[in-house]
Amino acid sequence: MFGVKESLIADFRTQQEDAVGEDEGLKAPYWQVDWDFVLTKRAEI
Amino acid sequence: MAATKYPLFTEENSVEAVNARMGGDIDPRLREIMSVLVRHLHAAVKEIEPTHEEWLTAIDFLTRTGQMCNEWRQEYILLSDVLGVSMLVDAINHRRPSGATENTILGPFYVPEAPRYARGANICLDGKGEPLVVGGFVRDTAGNPIEHALIDVWQTNDDGFYDVQQKGTQPDWNLRGVFTTDGEGSYRFRSVKPRYYPIPDDGPVGKLLGRLGRHPNRAAHIHFIVSAEGYDPVVTHIFPLIANIWIRMRCSE
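So the protein sequences, as listed, match chains A and B.
Counting the first sequence from 1 gives a position; the numbering used here is that position plus 33.
Counting the second sequence from 1 gives a position; the numbering used here is that position plus 40.
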C-alpha cells in the first residue's frame, strides 16, 4: 500500500483499430502504454 | 532513601528513566534506535493517555498479529505496509535525482529467474484479460539510451492473482518475463491490463482497516525491476490512470 506516486501513474490508452507494424496481428480493442525508465549511475546515488 | 544510579520513574521523566538504563558498552546504532523509539513511544502515550483497557487492547492486537504470522504469512509486514512505514523506509533508502524513476517496494510476489523473452513477446499465458502493449525506453538521467538493460516484469492475471498464488490453476510464469533493451534503449512486450486486488484482510490488520473505514484493495499495477550494468537498479510499479477506481477515489493506496 501507498505505492502510488504521482510520477508512476501511466496513461493507458485504448486502441480501437487493429494493430499494424510491430504489433501486427493484435486485434482491436486493446490497450497501449508508453513508459520510459530513467536510471541513475551508481556514482550519482 | 538510598541514592540510585538511574533516575527514578516519574510521568515527567519517563523517557530518561528508561533510556538511562542502557549499558555503556552497547552497539551505538542500537542505542540510537532504542532511544528514539522510547522517546516517541512515550510521547504518543502521553498524548493519547490510554485507559488500561485500551492498553490491553493494543497488547492483544499485537499478540494476534504475531500469532497470524507463519512461513507464508507475515502480518507484521502487512501492518508496516498499511501504516505507510514500508514505503517510507523504501523512500529514505532510495533517494534519487529529480527525473529518475522512483522506487517502490518489491512486494511479496516477485520470483527471480523469470523466462527471458524476445522483444514483443506476450507474457500472458492464460489468455485472460484485455490485451495490452507496453513499450518505451530506458535512459540515463542525461537522456542517453541504455542498451542491454533488463526489464523484469510481473503482474496479476485478470482474476487479480499472481501465478504463485494459483499454482495448478495458472500456468507457471504466467505474466512474468524479462526483456532486454535494444541499441536505442527501447523495449516492448505484450501483456494484459492489470487489475486491482485485495491484500490479505482476514487477520487483525484487515480488521483494523475495516474499523478505520479503509478498503483493502491495492490499485491495479505492473511491477518492474529495471537494471543495467553500472546503474542503480530500480524496483518500481506503474499504475493505470484510466478507469482505475482505486486511484480515482483513494489515491494513497
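Backbone N, C-alpha and C fix where the C-beta goes; we use that ideal spot for every residue, glycine too.
So, using beta-carbon positions, are residue 165 (chain B) and residue 214 (chain B) closer together than 8 Å?
yes
Going by DSSP in three states, residue 101 (chain B) sits in which element: helix, strand or coil?
helix
Is the Cβ of residue 281 (chain B) closer than 8 Å to any Cβ of chain A?
For residue 281 (chain B), the nearest beta carbon of chain A is closer than 8 Å to its own beta carbon.
Who are the neighbours of residue 278 (chain B) on chain A, taking C-beta pairs under 8 Å?
41, 42, 43, 66 and 68
Between which two residues does the alpha helix (DSSP H) holding residue 248 (chain B) run?
244 to 251
Would you say residue 121 (chain B) faces chain A, with C-beta separation under 8 Å as the test?
yes
Please name the residue, chosen from B:74, B:246, B:140 and B:170, that lies closest to residue 276 (chain B) on a Cα-to-Cα basis.
B:140
Quick check: is the beta carbon of residue 292 (chain B) nearer than 8 Å to any beta carbon in chain A?
Because the pLDDT at residue 292 (chain B) is just 43, under 50, the model does not fix this residue reliably, and the value given afterwards should be weighed accordingly. Cβ-Cβ to chain A under 8 Å: yes for residue 292 (chain B).
Segment limits, beta strand (DSSP E) that includes residue 72 (chain A)
From DSSP, the beta strand (DSSP E) with residue 72 (chain A) extends over 70 to 72.
Compute the distance between the beta-carbons of residue 69 (chain A) and residue 217 (chain B), then report whether it is under 8 Å.
no
Contact belief for residue 236 (chain B) with residue 259 (chain B) at Cβ below 8 Å, rounded distance in angstroms:
Residue 236 (chain B) to residue 259 (chain B), Cβ: 6 Å. Contact.
Would residue 241 (chain B) and residue 249 (chain B) qualify as a contact pair, given that the criterion is a beta-carbon distance under 8 Å?
yes
Cβ-based contacts, 7 Å cut-off: residues of the segment 60 to 79 of chain B near chain A
none
Flag this pair as yes or no: are the beta carbons of residue 265 (chain B) and residue 273 (chain B) separated by less than 8 Å?
yes
Residue 233 (chain B) touches chain A at which residues, Cβ-Cβ below 7 Å?
Ordered by position in chain A, the residues that pass the 7 Å Cβ test against residue 233 (chain B) are 45 and 64.
C-beta atoms of residue 186 (chain B) and residue 221 (chain B) nearer than 8 Å:
yes
Residues, ordered as in the chain, of the segment 152 to 171 of chain B that lie near chain A by beta-carbon distance below 8 Å
160, 170 and 171
Runs of alpha helix (DSSP H) wholly within the segment 60 to 143 of chain B (minimum 4 residues, chain order):
68 to 88, 92 to 108, 115 to 122 and 125 to 133
Evaluate contact between the segment 154 to 174 of chain B and the segment 101 to 120 of chain B, counting only Cβ atoms and requiring at least three cross-stretch pairs below 8 Å.
Output reads no: the segment 101 to 120 of chain B does not touch the segment 154 to 174 of chain B.
Beta strand (DSSP E) containing residue 48 (chain A): first to last residue?
46 to 48
Hey, residue 191 (chain B) and residue 227 (chain B): beta-carbon distance below 8 Å or not?
yes
Give a yes or no on whether the minimum CB-CB distance between residue 51 (chain A) and chain B is below 8 Å.
no
Cβ-Cβ distance between residue 48 (chain B) and residue 60 (chain B) below 8 Å
no
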